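Asker: Sharing a structure, written as structure tokens. Questions coming.
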Amino acid sequence: MDTEKPATDIRPLILITNDDAIDAPGLDVLVRVAAEFGDVIAVAPVLPQSGKSSAITVDGPLRINQLADRHGARRFTVSGTPVDCVKLALDAIVPRRPDLLLSGINHGSNSGNAITYSGTMGAVLEGCTVGIPSVGFSLCHHSIRADFGLSERCVREIIGKVMQTGMPDYTCLNVNIPARIVPKGIKVCRAARGHWTQEYARMTDPHGVPCYWLTGRFVNEEPQADDTDEYWLDKGYVSVVPCTPDQTDRDFIEPFGAILDVDRDNGED
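Have a look at this one:
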């Protein structure tokens with residue numbers, strides 16, 4: 000007798016990763032919430048990988064290690080970056096193409112231009128590139144002891160909506176959650192323009208040799224703009240910024256083309 004379930008009974012498959020490593024509390028919360036919506040496979044770095052953006056390992060082997068299940072989810076570590084986790088999971092771990100990719104919940108904000116550096120969002124952009132609906136979650140609190148309980152409701156709501164409606168091709172979401180409060184609501188907005196200043200602290204190592212430690216402070220260049228993630232986070236709202244891996248500035252193609260588009264012959268008369 001055929002005991003296989005019909006295709007309509009197959010639960011959605013959700014792939015989860017992060018950049019804070021497999022034991023990060025934020026990952027544990029995201030796995031637990033996501034398990035309400037489907038079968039979860041968590042594939043995360045062995046060691047913290049913050050700031051690795053879309054980096055991949057090209058100079059050595061990657062290793063997979065399976066851990067004990069948690070919250071009903073299968074768990075694996077990869078000896079690489081968040082993007083390594085996504086690529087290797089798709090190639091060697093998941094039994095089929097995931098219906099959703101989630102990254103986080105990151106310990107610390109990824110608002111403004113942090114997507115440029117974020118390992119959390121690097122994994123999301125990778126999932127988006129291969130056509131998987133992908134969402135990154137970050138809590139604006141860097142402590143490993145941060146309270147994620149206040150953020151669960153909005154995380155659950157966003158996952159549910161994305162599962163229900165899907166995502167446009169080549170679009171993903173960067174979700175940031177204010178810390179230490181119950182969010183007032185959710186605002187879809189754009190990333191604030193800004194830059195980082197005071198980025199390195201000069202120190203001296205135990206051998207008396209000067210060295211530098213990355214610090215930095217994000218400066219919002221448009222604090223009065225009421226359509227940015229920084230603005231709404233400051234007001235106590237969850238910010239949701241639609242993003243795309245395509246960094247083409249389409250508005251500049253025509254004007255700059257008028258300057259640089261030149262047809263050159265092959266040198267023959």
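Each residue of the sequence shown is one higher than the one before, starting from 0 at the first, in numbering that gives the first Met the number 0. Where is the CB? At the ideal position from N, CA and C, for every residue including glycine. Since the model is a prediction, treat every value here as computed from it, not as a measurement.
#1: Specify the secondary structure class of methionine 202 as computed by DSSP and reduced to three states.
#2: Return the first residue and the last residue of the beta strand (DSSP E) that lysine 86 is part of.
#3: Once DSSP output is grouped into helix, strand and coil, what is the label at isoleucine 258?
#4: I'd like the ranges of any beta strand (DSSP E) spanning at least 3 consecutive residues and lying wholly in the segment 9-72.
#5: So which of Glu198, Pro11 and Gly107 has the shortest CA-CA distance to tryptophan 212?
#6: Given a cut-off of 8 Å, decide if alanine 190 and glycine 111 are closer than it, judged by their beta-carbon atoms.
#7: Express the C-alpha separation of serine 150 and valine 181 in angstroms, rounding to a whole number.
#8: Per DSSP, which one or two residues make a beta bridge with cysteine 210?
#9: Output the boundary residues of the alpha helix (DSSP H) element that contains glycine 103.
#10: With serine 133 and valine 123 assumed to form a contact (beta carbons below 8 Å), what rounded beta-carbon distance in angstroms separates them?
#11: Can you tell me whether threonine 2 is buried or exposed, with buried defined as 16 or more other CB within 10 angstroms of its CB?
#12: Helix, strand or coil: which one does DSSP assign to methionine 0?
#13: Alpha carbon to alpha carbon, how far is phenylalanine 277 from alanine 257?
#14: Opposite threonine 76 in the DSSP bridges: which residues?
#15: Express the C-alpha separation of glycine 215 and arginine 69 in angstroms, rounding to a whole number.
Answerer: Let's see:
#1: As a position in the sequence shown, residue 202 is number 203, starting the count at 1. It is a strand residue.
#2: Numbered from its first residue, the sequence shown carries residue 86 at position 87. Element bounds for lysine 86: not the beta strand (DSSP E) but the alpha helix (DSSP H), 81-91.
#3: Here residue 258 is taken as the residue at index 259 of the sequence shown, counted from 1. In the three-state DSSP reduction, isoleucine 258 falls in the helix class (H, G or I).
#4: Runs of the beta strand (DSSP E) inside the segment 9-72: 12-16, 38-44 and 63-69.
#5: Working through the sequence shown from its first residue, we reach residue 212 at position 213. Taking the Cα of tryptophan 212 as reference, the smallest distance to any Cα among Glu198, Pro11 and Gly107 is reached at Glu198.
#6: Position 112 of the sequence shown holds residue 111. Position 191 of the sequence shown holds residue 190. Cβ atoms of glycine 111 and alanine 190: closer than 8 Å.
#7: Your numbering for residue 181 matches position 182 in the sequence shown. Your numbering for residue 150 matches position 151 in the sequence shown. About 7 Å.
#8: Walking along the sequence shown from the start, residue 210 turns up at place 211. Cysteine 210 pairs with Met202.
#9: The residue given as residue 103 occupies position 104 in the sequence shown. Run containing glycine 103: none in the alpha helix (DSSP H); it sits in the beta strand (DSSP E), 99-106.
#10: By 1-based counting over the sequence shown, the position of residue 133 is 134. By 1-based counting over the sequence shown, the position of residue 123 is 124. In this structure serine 133 is in contact with valine 123, their Cβ atoms being roughly 4 Å apart against a cut-off of 8 Å.
#11: Residue 2 sits at position 3 when you count from the first residue of the sequence shown. Residue placement at threonine 2 is poorly supported in this model, since its pLDDT is 39, which falls under 50; the coordinates still yield a value, given next. Per the 10 Å Cβ criterion, exposed.
#12: Here residue 0 corresponds to residue number 1 of the sequence shown, with the count starting at 1. Note that methionine 0 has pLDDT 36, beneath the 50 cutoff, so the model's placement of it is unreliable and the number below is only indicative. Secondary structure at methionine 0: coil, using DSSP grouped into helix, strand and coil.
#13: The first residue shown for the chain is 0 and the last is 268, placing residue 277 beyond what the model contains.
#14: Position 77 of the sequence shown, counting from 1, holds the residue named residue 76. Threonine 76 pairs with Ala43 and Asn64.
#15: For the purposes of this step, residue 69 is taken as the residue at position 70 of the sequence shown. For the purposes of this step, residue 215 is taken as the residue at position 216 of the sequence shown. Cα to Cα, the separation comes out at about 36 Å.
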